[in-house]
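*Asks:* The opening position of the sequence shown corresponds to residue 1 in the UniProt record's numbering, with each subsequent residue numbered one higher.
Provided herewith is a single structure, encoded as structure tokens, for subsequent inquiry.
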Amino acid sequence: MSQINNIFIKLRARLRERDIKLWEEPYYFEEVGSIESEMDRLARDISGELGISVSDCRIALGELQDGALRKLAARREFNDTGLATFNVRCVDSKGGTVQMLEIKCSLGGLGSDLQAEVAKKLDIVDSSHVKCISGGRIINGQKTLASQGLKTNQHLMVVVGGTNEGQELHERIQRIRADLELVADADRFMEMEDQDGRPIFLPREENRSLLMAMSMYEVARVAMHKENFDEALLILLEADELFSQCDSKLLEGVDNYALINLDIVWCYLRLKNITQLPDAQRRLDICERGFVKSYGEQFIRLFSIKGPSSPERALIMRLHLLQGVLLFHQNRRDEAYEKLEVATKDLYEVKMNDTELSTLVEMGYEESDARLALRSCAGQVDRAIQYIQERSERISEERKNSAAERQVNQEMIFAGQGGEWVNPRSIIRLMEMGYERRLVVEALKRTKNNLDRSLDLLQRHSDELRANLPPIPPVDESLLTTLQHLGFSEISARDALETTGNSFHKSLKFLLKSFPNESELLHVIETMTKVLEVQEPTSSTNATANSTTPLVNLSNSKVNLLQTVLSEAKSEIESYNAFKRFNENLAENNNHYLNLPLDQEEQILIEYKRLLEG
Numbered sequence: 001m002s003q004i005n006n007i008f009i010k011l012r013a014r015l016r017e018r019d020i021k022l023w024e025e026p027y028y029f030e031e032v033g034s035i036e037s038e039m040d041r042l043a044r045d046i047s048g049e050l051g052i053s054v055s056d057c058r059i060a061l062g063e064l065q066d067g068a069l070r071k072l073a074a075r076r077e078f079n080d081t082g083l084a085t086f087n088v089r090c091v092d093s094k095g096g097t098v099q100m101l102e103i104k105c106s107l108g109g110l111g112s113d114l115q116a117e118v119a120k121k122l123d124i125v126d127s128s129h130v131k132c133i134s135g136g137r138i139i140n141g142q143k144t145l146a147s148q149g150l151k152t153n154q155h156l157m158v159v160v161g162g163t164n165e166g167q168e169l170h171e172r173i174q175r176i177r178a179d180l181e182l183v184a185d186a187d188r189f190m191e192m193e194d195q196d197g198r199p200i201f202l203p204r205e206e207n208r209s210l211l212m213a214m215s216m217y218e219v220a221r222v223a224m225h226k227e228n229f230d231e232a233l234l235i236l237l238e239a240d241e242l243f244s245q246c247d248s249k250l251l252e253g254v255d256n257y258a259l260i261n262l263d264i265v266w267c268y269l270r271l272k273n274i275t276q277l278p279d280a281q282r283r284l285d286i287c288e289r290g291f292v293k294s295y296g297e298q299f300i301r302l303f304s305i306k307g308p309s310s311p312e313r314a315l316i317m318r319l320h321l322l323q324g325v326l327l328f329h330q331n332r333r334d335e336a337y338e339k340l341e342v343a344t345k346d347l348y349e350v351k352m353n354d355t356e357l358s359t360l361v362e363m364g365y366e367e368s369d370a371r372l373a374l375r376s377c378a379g380q381v382d383r384a385i386q387y388i389q390e391r392s393e394r395i396s397e398e399r400k401n402s403a404a405e406r407q408v409n410q411e412m413i414f415a416g417q418g419g420e421w422v423n424p425r426s427i428i429r430l431m432e433m434g435y436e437r438r439l440v441v442e443a444l445k446r447t448k449n450n451l452d453r454s455l456d457l458l459q460r461h462s463d464e465l466r467a468n469l470p471p472i473p474p475v476d477e478s479l480l481t482t483l484q485h486l487g488f489s490e491i492s493a494r495d496a497l498e499t500t501g502n503s504f505h506k507s508l509k510f511l512l513k514s515f516p517n518e519s520e521l522l523h524v525i526e527t528m529t530k531v532l533e534v535q536e537p538t539s540s541t542n543a544t545a546n547s548t549t550p551l552v553n554l555s556n557s558k559v560n561l562l563q564t565v566l567s568e569a570k571s572e573i574e575s576y577n578a579f580k581r582f583n584e585n586l587a588e589n590n591n592h593y594l595n596l597p598l599d600q601e602e603q604i605l606i607e608y609k610r611l612l613e614g
């Protein structure tokens, strides 16, 4: 934040207060132009009030007048021709303005038309790589500009890199999104859990939506940690779009939605993008409401549980800092100073002593774990060591205790059971009371996962529940033999047939998703391929003679089905590969979002307080 920007903020506010319009008389005449004598007089008059030099004030007034006249001309052009003018600010990863562009485009045109115009000015070959940001949203290339709320004279931001970097960045984000969709659809590689390792279970579609949003958010956090704020902002906006597709009640139960809004505004600040101030205000309001819901009014609930030096205090400090910066740019200077004073108090209560941090790192602890522990223990090294050990044990114990719930959840997903979703945690709770799993599932379906009512049904109406259960058919021995010939163990094949009611197709899918590693799946794919080769009429003799694969005579329908499942198995391999690629973008420490060194925040705090005090 430069001193000249500070002058502009104060000057705009004073002109509004005095209702001075630089594009009207006596400062400007249509036939004559700017009236220098009046502008000089105004500069002398206002400079003393604002405590700035006359020369700086005069230069700033001239720029404000030029900007106002350009807006008027653009508005007239829009009224006459329908062409809207957009002021596009192109930034690089460190927040520097690479270029300022003036782009003209019809509001009735598509977002892709705007992308094409920007790409032409920036010499970018593929216009789809241009991501224009307006009002906290990436402009959709397939919708009209008018339908997305764009207006003439609007400020847009475009993230660019050096030679080819911009294109590589957008291609990388597209690959991340595509890999994430494959991983989410596979239903096996990732699951959600809270900070203590407790799994979060949701119906499949809700789970997929939230998992996609939170996973994309995790990738953005890694980019922020590397200070790649251009990449981070684009991924954050992708994640924000995914969050918007989640059920609103679902979002109320997680603090991630509050945090993503905080992080988007942080990226705006680091990219020096003050043109997004209205969106920043909206997002900080969302974040504050989320924090109040999670931590209580004035964060009393958080402080009473974890104390004033809790790790979450670093996030609260960042919120107060950003609120102060926003108030500064709105020229609400007294309020800004008060908010920055609150942020200063937050900072000194949670900022770590470098010596204490170094002590833990030298003992072999990760820096992120050490900082989190020290913040949780008011900087006391001995307590921090104990905190790290206890937290690790607590998470391990929780994951161990929830293993049965996770297993039931995976079995239900792999079996492809339709109908009402049943909460795995409730299934295990009732089974631990001695009730049969099938009866438990039926009771929970009837009561829409109400644990107390399900227990009542099991206690009072178990005979009725059992009478309505479909009979369990014995395992089809011929299907069992076929599955064994395809490379599956007898135990696994029997479990699959029992779970799916002897459905050959569902059993195959169940088994494919049950493999603990990629190598076992590859072995089965190889076996299936050989079995199919044996079925070919022209090669059956040679294949049988030269292969150790047992001869399996399959009907045409089973051959067709096997070909389909083989294709699905290969898709599973692609899901493995997608997960490997996606996992490279994630942080090893799930709580790295609490691991804020606060060095950048401290510098920004000092800078803005200096501007307010100057």
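For glycine and all other residues, C-beta sits at the position ideal for the given N, C-alpha and C.
Which stretch, first to last residue, makes up the beta strand (DSSP E) that contains residue 134?
*Replies:* Note, residue 134: beta strand (DSSP E), 132–134.
*Asks:* Which class does residue 115 belong to by DSSP, given the choice of helix, strand or coil?
*Replies:* Helix at residue 115.
*Asks:* When the distance is taken between beta carbons, is residue 74 closer than 7 Å to residue 85?
*Replies:* Yes, the pair counts as a contact, with Cβ atoms nearer than the cut-off.
*Asks:* Quick one: what does DSSP say residue 28 is sitting in, helix, strand or coil?
*Replies:* If DSSP states are grouped into helix, strand and coil, residue 28 belongs with the strands.
*Asks:* Just curious, the alpha helix (DSSP H) that residue 212 is in, first and last residue?
*Replies:* First-last of the alpha helix (DSSP H) with residue 212: 204–225.
*Asks:* Can you tell me the Cβ-Cβ gap for residue 326 and residue 281, rounded? I've got them flagged as a contact below 8 Å.
*Replies:* So it is a contact: roughly 6 Å between Cβ atoms.
*Asks:* Mind checking whether residue 387 and residue 377 have CB atoms under 7 Å apart?
*Replies:* Yes, the Cβ-Cβ distance between residue 387 and residue 377 is below 7 Å.
*Asks:* Suppose the cutoff is 7 Å on Cβ atoms and the five residues either side in sequence are ignored; what does the same chain contact list for residue 498 look like?
*Replies:* So the list reads 475, once near-sequence residues are dropped.
*Asks:* Name, in chain order, the residues that DSSP records as bridge partners for residue 86.
*Replies:* DSSP lists 103, 154 as partners of residue 86.
*Asks:* Count Cβ pairs between the segment 337–351 and the segment 308–320 that sit closer than 8 Å; are there 3 or more?
*Replies:* Enough Cβ pairs lie closer than 8 Å, so yes.
*Asks:* If you follow the alpha helix (DSSP H) that residue 190 is part of, which residue opens it and which one closes it?
*Replies:* Here residue 190 belongs to no alpha helix (DSSP H), and DSSP marks it neither H nor E.
*Asks:* Can you tell me whether DSSP reads residue 91 as helix, strand or coil?
*Replies:* The answer is strand: DSSP assigns residue 91 an E or B state.
*Asks:* Among residues of its own chain, excluding the 5 on either side of residue 525, which ones have a beta-carbon nearer than 6 Å to its beta-carbon?
*Replies:* Excluding positions up to five away in sequence, the list reads 569.
*Asks:* Three-state secondary structure (DSSP) at residue 447?
*Replies:* DSSP places residue 447 in coil when its eight states are reduced to three.
*Asks:* Put residue 33 into one of helix, strand or coil per three-state DSSP.
*Replies:* Of the three classes helix, strand and coil, the one that applies to residue 33 here is strand, per DSSP.
*Asks:* Here's the rule: buried if 16 or more other CB atoms are within 10 angstroms of the residue's CB, otherwise exposed. What is residue 579?
*Replies:* With 16 or more other Cβ atoms within 10 Å, it is buried.
*Asks:* Can you look up residue 18 in the DSSP assignment and give me helix, strand or coil?
*Replies:* The answer is coil: DSSP assigns residue 18 none of H, G, I, E or B.
*Asks:* I think residue 263 touches residue 136, with their Cβ atoms under 8 Å apart; what is that distance to the nearest whole Å?
*Replies:* Wrong, their Cβ atoms sit about 12 Å apart, outside the cutoff.
*Asks:* Using alpha carbons as the reference points, say which of 51, 521, 72, 41 lies closest to residue 30.
*Replies:* Residue 72 is the option with its Cα nearest to residue 30.
*Asks:* Taking only the alpha-carbon atoms, compute the straight-line gap between residue 609 and residue 603 and give it to the nearest angstrom.
*Replies:* Between residue 609 and residue 603, the C-alpha separation is close to 10 Å.
*Asks:* Apply the 10 Å Cβ neighbour rule to residue 32 and answer buried if 16 or more other Cβ atoms are within range, or exposed otherwise.
*Replies:* So residue 32 ends up on the exposed side.
*Asks:* Quick one: what does DSSP say residue 543 is sitting in, helix, strand or coil?
*Replies:* Confidence in residue 543 is poor, its pLDDT being 46 and thus under 50, which makes the residue's placement unreliable; the coordinate value appears in the next sentence. In the structure shown, residue 543 sits in a helix (DSSP, three-state: H, G or I).
*Asks:* Please list, in chain order, all residues of the same chain as residue 119 whose beta carbon is under 7 Å from its beta carbon, the five residues on each side excluded.
*Replies:* Once the five neighbours on either side are set aside, the close Cβ partners of residue 119 are 127, 130.
*Asks:* Starting from residue 201, trace the alpha helix (DSSP H) in both directions and tell me its first and last residue.
*Replies:* Taken as a continuous stretch (DSSP letters only), residue 201 belongs to no alpha helix (DSSP H), as it is neither H nor E.
*Asks:* To which residues does DSSP link residue 137 through a beta bridge?
*Replies:* DSSP lists 134 as partners of residue 137.
*Asks:* Taking residue 352 as the reference, give the member of 368, 340, 339 with the closest Cα.
*Replies:* Cα-wise, what sits closest to residue 352 is 368.
*Asks:* Please state the DSSP three-state secondary structure of residue 145.
*Replies:* It is coil, neither helix nor strand.
*Asks:* In terms of DSSP beta bridges, what is residue 605 paired with?
*Replies:* None, per the DSSP bridge assignment.
*Asks:* Run through DSSP, which three-state label would residue 596 get?
*Replies:* Residue state, collapsed to three classes: coil.
*Asks:* Taking three-plus beta-carbon pairs below 8 Å as touching, is the segment 224–242 in contact with the segment 199–207?
*Replies:* The segment 224–242 is not in contact with the segment 199–207.
*Asks:* So, for residue 521: in the same chain, excluding its five sequence neighbours on each side, which residues have a beta-carbon less than 8 Å away from its beta-carbon?
*Replies:* So the qualifying residues of the chain are 512, 515, 569, 572, 573, 576.
*Asks:* Out of curiosity, what's the CA-to-CA distance linking residue 328 and residue 336?
*Replies:* The straight-line gap from Cα to Cα measures roughly 5 Å.
*Asks:* With DSSP as the reference, label residue 110 as helix, strand or coil.
*Replies:* DSSP places residue 110 in strand when its eight states are reduced to three.
*Asks:* Under the three-state reduction of DSSP, which class applies to residue 159: helix, strand or coil?
*Replies:* It is a strand residue.
*Asks:* Per DSSP, what kind of secondary structure is residue 287 in: helix, strand or coil?
*Replies:* Helix, per DSSP.
*Asks:* Between residue 409 and residue 187, what straight-line distance do the alpha-carbon atoms span, to the nearest angstrom?
*Replies:* Distance between the alpha carbons of residue 409 and residue 187: 10 Å.
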